[in-house]
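S.K.:
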Amino acid sequence: NAGVTQTPKFQVLKTGQSMTLQCAQDMNHNSMYWYRQDPGMGLRLIYYSASEGTTDKGEVPNGYNVSRLNKREFSLRLESAAPSQTSVYFCASIKRRVRVGETQYFGPGTRLLVL
Amino acid sequence: DQQVKQNSPSLSVQEGRISILNCDYTNSMFDYFLWYKKYPAEGPTFLISISSIKDKNEDGRFTVFLNKSAKHLSLHIVPSQPGDSAVYFCAASSSGGYQKVTFGTGTKLQVIP
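If you read the protein sequences in the order shown, they are chains D and H.
Here the first sequence stands for residues 1 to 115, numbered as in the numbering used here.
Here the second sequence stands for residues 1001 to 1113, numbered as in the numbering used here.
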């Protein structure tokens, strides 16, 4: 039982390049999330998926796209990377929704540097 | 618009003493509050939570207090241990919030042996 896994762990991109961050969970969770963490900003929600086949924008969706490939996998794509997207990206999942008795599980993060 | 605020970026406490981490929120629709702990190079892990129908929740050395009228919550760690050194995030959610969680900016706790 690996929990939430993310690949790659670290990536360096040049401005304008594209890449996809991968996330997978093996806990049979319905909801999945992508956050970014920046110094002094906490974690900000980029996109989330309440169930397979659905995705919705979070606080900071501009410059990103997502795909809920199946129940296990939720990918985040940067079509044309910008230096402002330099950040640490976390994927998370939860059985259904945040409430008493349930909690989000986070992956180890992907550190992205855009030059 | 920062709906969840942690005004202290850092806190240093001696081992064995109490650590108190504070959090304020502005959105009155929030009805469920959580604390996460994060070590360097790892993802956040859930620590403790509290529903708005309660004003206190305790789990071992960790206690969370909620003051709804002041829109304030705090996390108490007693006694503090060096292994508690980490960044602590306060977070909040609302029943109608489509599973979204709003995080604070974090407080870095250092417990000095």
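We put the beta carbon where it would ideally sit given N, CA and C, even for glycine.
Treat the numbers as computed from the prediction; the structure is a model and nothing was measured.
So if I threshold CB-CB distances at 7 Å, which residues from the segment 1088-1108 of chain H count as touching chain D?
M.R.: 1089, 1093, 1098, 1099, 1100, 1101, 1103, 1104, 1105, 1106
S.K.: Taking Cβ-Cβ distances below 8 Å as the criterion, which residues of the segment 1038-1069 of chain H are in contact with chain D?
M.R.: 1041, 1042, 1043, 1044, 1045, 1046, 1049, 1051
S.K.: With a cut-off of 8 Å, do at least 3 Cβ pairs link the segment 29-44 of chain D to the segment 67-77 of chain D?
M.R.: yes
S.K.: Between which two residues does the beta strand (DSSP E) carrying residue 1018 (chain H) extend?
M.R.: Numbered from 1 along the second sequence, position 18 holds the residue referred to as residue 1018 (chain H). Run containing residue 1018 (chain H): none; DSSP gives neither H nor E here.
S.K.: From residue 1008 (chain H) to residue 1053 (chain H), what distance separates their C-alpha atoms?
M.R.: As a working note, residue 1008 (chain H) is residue 8 in the second sequence. As a working note, residue 1053 (chain H) is residue 53 in the second sequence. Each residue's alpha carbon lies about 26 Å from the other.
S.K.: Expressed to the nearest angstrom, what Euclidean distance is found between the alpha-carbon atoms of residue 84 (chain D) and residue 64 (chain D)?
M.R.: Numbered from its first residue, the first sequence carries residue 84 (chain D) at position 84. Numbered from its first residue, the first sequence carries residue 64 (chain D) at position 64. Using only the alpha carbons, I get a separation of about 12 Å.
S.K.: With the cut-off set at 9 Å, would you say residue 1044 (chain H) and residue 1036 (chain H) are in Cβ contact?
M.R.: Taking the second sequence and counting its residues from 1, the one referred to as residue 1044 (chain H) is at position 44. Taking the second sequence and counting its residues from 1, the one referred to as residue 1036 (chain H) is at position 36. Yes, Cβ-Cβ distance for residue 1044 (chain H) and residue 1036 (chain H) is below 9 Å.
S.K.: What whole-angstrom Cβ distance do residue 1026 (chain H) and residue 1071 (chain H) have, given they're in contact under 8 Å?
M.R.: Within the second sequence, numbered from 1, the residue matching residue 1026 (chain H) stands at position 26. Within the second sequence, numbered from 1, the residue matching residue 1071 (chain H) stands at position 71. Rounded, the Cβ-Cβ distance is 7 Å, consistent with contact.
S.K.: For the beta strand (DSSP E) that residue 1101 (chain H) lies in, which residues bound it at each end?
M.R.: As a working note, residue 1101 (chain H) is residue 101 in the second sequence. Counting along the chain, residue 1101 (chain H) falls outside any beta strand (DSSP E), and DSSP gives it neither H nor E.
S.K.: Would residue 1082 (chain H) pass as an interface residue toward chain D - the criterion being a Cβ-Cβ separation below 9 Å?
M.R.: To locate residue 1082 (chain H), count along the second sequence from 1; it is residue 82. For residue 1082 (chain H), the answer is no, since every Cβ of chain D falls outside 9 Å of its Cβ.
S.K.: Residue 1109 (chain H) and residue 1004 (chain H): beta carbons closer than 9 Å?
M.R.: Taking the second sequence and counting its residues from 1, one reaches residue 1109 (chain H) at position 109. Taking the second sequence and counting its residues from 1, one reaches residue 1004 (chain H) at position 4. No, these two residues do not count as a Cβ contact at 9 Å.
S.K.: Report the neighbours of residue 45 (chain D) on chain H: residues whose CB is nearer than 9 Å to its CB, in chain order.
M.R.: On the first sequence, residue 45 (chain D) is found 45 positions in, with the first residue counted as 1. Here the neighbours are 1100, 1101, 1102, 1103.
S.K.: Is the closest heavy atom of the ligand NAD to the C-beta of residue 1019 (chain H) under 8 Å?
M.R.: Judged by which ligands are present, the structure shown has none, so any question about the ligand NAD falls away.
S.K.: Spell out the partners DSSP gives residue 1058 (chain H) in its beta bridges.
M.R.: Within the second sequence, the letter at position 58 stands for residue 1058 (chain H). Beta-bridge pairing links residue 1058 (chain H) to H:1063.
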